[in-house]
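Notes follow once the structure below has been shown.
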Amino acid sequence: MAKRVLIVDDAIFMRNMIKDIFASGGFEVVGEAANGLEAVEKYKELKPDLTTMDIVMPFKSGIEATREIVKADNAAVIIMCSALGQESLVMEAIEAGASDFIVKPFKAEDVLGVVKKVLGE
Amino acid sequence: MTIDMSKYLGLFTSEASEHLEHLSQDLVRLEREGNREVIDSMFRHAHSVKGMAASMGFEQIATLSHRVEDLVDQVRKRPEAMSADIADLLFASTDHLQAMVRCAGAGEAAPSASSLIERISERLIALTGAAPAATRVVKTTLSGSAPQPEPPPPSAPAPGPELPPRFSVRVRIAASCQVPGVRAFLVQKKLSALGNVFDLNPSVDDLKAGRIPEGLVTMQVETSSAEAINKALAVVADLESTEVTRVEPKSAPAKPPEAPAEVARAVGAEPARTLRVKTELLDYLLDAVGELLLSTSRLREVSKGVPDTYQPPLLEGVDRLRTIVKDLHNKVMSVRMTPLSLITDRLPRAARDIARKRSREVDLLVTGAEIELDRAILDELADPLLHILRNCIDHGLEAPEERVRLGKGARGRVVVAARRDRDRVLVELEDDGRGMDAAHLKAVALERGLITAEAAATMSDREAWMLCCAPGLSTAKEVTDVSGRGVGMDAVKRAVENVGGTLDIDSTVGRGTRFTLRLPLTVAVINVLLVGVGREVFGLPIAKVKAVVEADPQFLERSRRTPLLPHDGALLPVHPLGALLRIDRQAPGGVRPHVILDADSGPVALEVDQLIGQEEAVLKPLASPLDLVPGLAGVTILGSGRPIFILDVPRLQV
């Protein structure tokens, strides 16, 4: 069965791009969220196998959302989507419980490589 | 596994001092509110110090903190056993521990703690009927040679649970990884979730900064099996290779079980988002950036004289350099900002001691301790604040029975409140004691010949209260060992002014006194107005300048021999700067600029020959013997390379 993915990013452009990458890799994108608040709600509702999380978002940052999701579900697999220059934020997210990260701009094969690695495939 | 403990000495002293500082604050709270939470916190602090001292091999520190821990534990079990004597014993022990930690850090012989250890032991025997357990300490040498494992003493508690096996881990980050630092941090984080991490190389700070030679990260991990490590690493992307091998213990571990964990947390696994830096290093940085600022101004000055063909690119470069240096300067200044709590945290303890000594009862309330000031200012303020507090309690507050008779609560109240006011910080210390009587202060000052009868007659209440800062004036009915002999407030005022601040006093008889310290956020850079007298140039701090007015001295009104300048509906006394500084020159005639300044006694006008301009000056302190000259606040170097004095306006007229 295809693994279920939740995509969190405040930019529609990024969400669509990430969605396409996951579709090409045989994943099922089950939901999208545009900010940290939505992310926490959607996560609880959908219980995805994997979540991609943007860091800087309105209302609630990706780091805060990660912290809350991991608190509720210790086994949550969250991959941070970061940009060069955000190293300290990514480390903060790792402290908060993120499983791994990818660095923008990313190539499809890099994203799928990290994801498969994290899922132990 | 042998560790050279000397590299942890700095960390030990700073962290142990912090714990002891907290312990002391908890003690004050315990006496006041005495709840379980405070006792638990005290126990933890004493326990931490014990653990650290034991792994450093500081036997006396470990033993005394162990006894403190035991005594606190007894109080926890039997709150009714708590007494003022026990509090005194705990206070004395905490102070002694601080002294010992300081000595240990400085490599000096520490004062013996035997008598305190003995006294606490007696207490413990009285409370429990049993002698306290011996303290286990690691024998270690700080020179870097291998420590000797020590067999546990016979009376020691049973050794802790068997330590889990250790594994050496080597991970190479893929060269293609864009952010190897974050990658390595993730590895470290995943492994520290499995157990204690030791010998992390490079250090966490280097990892975070991406300083990883050849992408190689090594560490030792204490965990159940190699498989657990491999499993954790299997799900981390971008790792070129991983290698896990078991480390055989060289000798039976003799350390208390909590000790290695303590060290590991300090050096490796802790999510270190902050970094401890020596204050001297910060001073050096500020000095260096100050020099950079001066050199940049000098370059800018020089580039003005360069031929037109080269000037634009040169100026552009210099301007860019200036922007960067100013930004750097701001960053360095912000790094030096430290919360006021650094000095106010000690006040409750001091208040308690002073009140106990003088049979006063006092509640101290501190607000705004989170406000940040330059570290250099804080360092200068610690003693003055303490001195004012002493005065408030010792002279301000009445004895409890007198307070009751006056219809006040038996417990006096001292409030220390800090707040930001634009680019200044206001710190107010206010008591609800007897207040100061302006007439009485004037009478005493007159009697001691500190002021003339004429001055006393025209003196405002505000000025009269400031008399308590005059050297040699103390109106306390008896001189106490707490408040000293009236030299104190004089020094307080000077200290506050030396960092560029002002001191104000407001008082109501029967209601209390308020001391207001108005402080700059930073000391180092001040805006100065450059003025010329003859061929000399001086700087006046812009903060003190109210206005500049042009006038011809010849046509000014005079009171006796002092010319008076009309300004803002008042007549201000005019002081010619040339005469004040005794500069030998041919004074120009006609209209001249008058700088109106805020002096202690109110506004005054300073007559100068010319205004030169405004400059951001890096204030450098004066070295001996120039620092003895009254009226000079410091020196700076202008863009032209010329050194000039910055004048200390309030003290100039003396």
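Chains A and B, in that order, are what the protein sequence lines are. Take the first sequence: its letters are residues 1 to 121, numbered as in our numbering. Take the second sequence: its letters are residues 122 to 775, numbered as in our numbering. Glycine included, C-beta positions come from ideal geometry on N, C-alpha and C. Fair warning: this is a prediction, and the values are worked out from it, not measured in the lab.
query: Rounded to a whole number of angstroms, what is the C-alpha to C-alpha distance between V357(B) and L328(B)?
result: Working through the second sequence from its first residue, we reach residue 357(B) at position 236. Working through the second sequence from its first residue, we reach residue 328(B) at position 207. Near 16 Å, if we compare the C-alpha coordinates of L328(B) and V357(B).
query: Thinking just about the alpha-carbon of each residue, which of R543(B), V537(B), P674(B) and P714(B) is nearest to the one in F636(B)?
result: Here residue 636(B) refers to the residue found at position 515 when the second sequence is read from its first residue. Nearest of R543(B), V537(B), P674(B) and P714(B) to F636(B), Cα basis: V537(B).
field: Counterpart residues of S82(A) in DSSP-defined beta bridges
entry: Counting from 1 along the first sequence, the entry for residue 82(A) is found at position 82. For S82(A), which the question treats as bridged, DSSP gives the partners V103(A).
task: Taking only beta-carbon positions, decide if F13(A) is within less than 7 Å of chain B.
output: Taking the first sequence and counting its residues from 1, the one referred to as residue 13(A) is at position 13. So, not an interface residue.
message: Can you look up E142(B) in the DSSP assignment and give me helix, strand or coil?
response: Residue mapping note: residue 142(B) aligns to position 21 of the second sequence, counting from 1. Here E142(B) sits in helix by DSSP.
query: With 7 Å set as the bound, which would you pick, yes or no: does the beta-carbon of K129(A) sit closer than that to a beta-carbon of chain B?
result: Coverage of chain A is limited to positions 1 through 121, which leaves residue 129(A) absent and any answer about it impossible.
task: Work out the CA separation of M340(B) and L547(B) for me, nearest whole Å.
output: On the second sequence, residue 547(B) is found 426 positions in, with the first residue counted as 1. On the second sequence, residue 340(B) is found 219 positions in, with the first residue counted as 1. Those two C-alpha atoms are separated by around 49 Å.
task: Keeping to the same chain, check which residues put their C-beta closer than 8 Å to that of F13(A); ignore five residues upstream and five downstream.
output: As a working note, residue 13(A) is residue 13 in the first sequence. Contacts found: none.
message: Is L307(B) close to chain A? Criterion is C-beta to C-beta, closer than 7 Å.
response: As a working note, residue 307(B) is residue 186 in the second sequence. Yes, because at least one Cβ of chain A sits closer than 7 Å to the Cβ of L307(B).
field: Burial state of A744(B) (16 or more Cβ within 10 Å)
entry: Locating residue 744(B) in the second sequence gives position 623, counting from the first residue. So A744(B) counts as exposed.
- request: Could you run through the region 109-121 of chain A and flag, in chain order, every residue whose CB is less than 7 Å away from some CB of chain B?
  value: G113, V114, K117, V118 and G120
- prompt: Which residues bound the alpha helix (DSSP H) around F22(A)?
  reply: Indexing the first sequence from 1 puts residue 22(A) at position 22. Residues I12 to S24.
- prompt: Does the region 608-620 of chain B come close enough to the region 575-591 of chain B that 3 or more CB-CB pairs lie under 8 Å?
  reply: yes
Contact set between L123(A) and chain B, taken where Cβ atoms lie within less than 8 Å: Because residue 123(A) is not part of the residues shown, which for chain A are 1 to 121, the question remains open.
query: Is the number of C-beta pairs between the region 728-738 of chain B and the region 709-719 of chain B that are closer than 8 Å three or more?
result: yes
- prompt: At least one CB of chain B closer than 7 Å to the CB of V56(A): is that the case?
  reply: Translated into the one-based positions of the first sequence, residue 56(A) becomes position 56. Answer no: the Cβ-Cβ gap between V56(A) and chain B never drops below 7 Å.
- prompt: Mind checking if M53(A) is an interface residue toward chain B, Cβ cutoff 7 Å exclusive?
  reply: Sequence index remark: in the first sequence, residue 53(A) carries index 53 (1-based). It does not: the Cβ of M53(A) has no partner Cβ on chain B nearer than 7 Å.
query: When you compare only the Cα positions, how much space is there between G723(B) and G690(B)?
result: Along the second sequence, one-based indexing puts residue 723(B) at 602. Along the second sequence, one-based indexing puts residue 690(B) at 569. Distance between the alpha carbons of G723(B) and G690(B): 14 Å.
- prompt: How is N619(B) classed by DSSP in three states: helix, strand or coil?
  reply: The sequence position of residue 619(B) within the second sequence is 498, counting from 1. N619(B) falls in the helix class under three-state DSSP.
message: What does DSSP give as the partner residue(s) for T629(B) in the beta ladder?
response: By one-based count along the second sequence, residue 629(B) stands at place 508. Within the DSSP secondary-structure output, T629(B) pairs in a beta bridge with G633(B).
query: Would you say I464(B) and V483(B) are within 7 Å of each other, going by their C-beta atoms?
result: By one-based count along the second sequence, residue 464(B) stands at place 343. By one-based count along the second sequence, residue 483(B) stands at place 362. No, the Cβ-Cβ distance between I464(B) and V483(B) is not below 7 Å.
task: Identify the contact partners of F101(A) in chain B, using a Cβ-Cβ distance below 7 Å as the criterion.
output: Translated into positions along the first sequence, residue 101(A) becomes position 101. Correct list: V303.
- prompt: Would you report the Cα separation of R202(B) and L218(B), rounded to the nearest angstrom?
  reply: By 1-based counting over the second sequence, the position of residue 202(B) is 81. By 1-based counting over the second sequence, the position of residue 218(B) is 97. The question names Arg, but residue 202(B) in the sequence shown is Ala. For A202(B) and L218(B), the distance between alpha carbons rounds to 23 Å.
message: Judging by CA-CA distance, which residue of D9(A), D10(A), V30(A) and D20(A) is the nearest neighbour of A2(A)?
response: For the purposes of this step, residue 2(A) is taken as the residue at position 2 of the first sequence. Of the candidates D9(A), D10(A), V30(A) and D20(A), the one whose C-alpha sits nearest the C-alpha of A2(A) is V30(A).
message: Within 8 Å, do at least three Cβ pairs link the region 453-461 of chain B to the region 401-414 of chain B?
response: yes
field: Contiguous beta strand (DSSP E) assignments of at least 3 residues, all confined to the region 454-504 of chain B
entry: 458-460, 483-488 and 493-495
query: Using a beta-carbon distance below 7 Å, is Q146(B) in contact with chain A?
result: Residue numbering aside, residue 146(B) sits at position 25 when the second sequence is read from its first letter. No, Q146(B) lies away from the interface with chain A (no Cβ there is under 7 Å from its Cβ).
message: Give the list of continuous beta strand (DSSP E) stretches no shorter than 3 residues that lie fully inside the region 328-359 of chain B.
response: 337-343
- prompt: In chain B, which residues lie with their C-beta within 7 Å of the C-beta of I94(A)?
  reply: The residue labelled residue 94(A) in the question sits at position 94 within the first sequence. Going along chain B in sequence order, the residues near I94(A) (Cβ under 7 Å) are F306, L307 and K310.
query: Just reading off the alpha helix (DSSP H) that T400(B) is part of, what are its end residues?
result: Position 279 of the second sequence, counting from 1, holds the residue named residue 400(B). T400 to S424 is the span of the alpha helix (DSSP H), which, as asked, contains T400(B).
field: Cβ neighbours of I127(A) in the same chain (closer than 7 Å, five flanking residues each side left out)
entry: There is no way to answer for residue 127(A), as the model of chain A reaches only from 1 to 121.
- prompt: Going straight from the alpha carbon of L686(B) to that of I445(B), what length do you get?
  reply: Against the second sequence, residue 686(B) aligns to sequence position 565. Against the second sequence, residue 445(B) aligns to sequence position 324. Using only the alpha carbons, I get a separation of about 44 Å.
field: Three CB pairs or more closer than 8 Å across the region 212-232 of chain B and the region 178-185 of chain B
entry: The region 212-232 of chain B is in contact with the region 178-185 of chain B.
- request: Write down every uninterrupted run of the alpha helix (DSSP H) in the region 541-603 of chain B whose length is 4 residues or greater and which is fully enclosed by it, in chain order.
  value: 559-568, 574-579 and 582-587
task: On the DSSP bridge assignment, give the partners of L686(B) in chain order.
output: Residue 686(B) sits at position 565 when you count from the first residue of the second sequence. DSSP lists L693(B) as partners of L686(B).
message: Can you list, in chain order, the residues of its chain with a C-beta nearer than 7 Å to that of A471(B)? Leave out the 5 residues immediately preceding and following it.
response: On the second sequence, residue 471(B) is found 350 positions in, with the first residue counted as 1. Excluding positions up to five away in sequence, the list reads L507 and L510.
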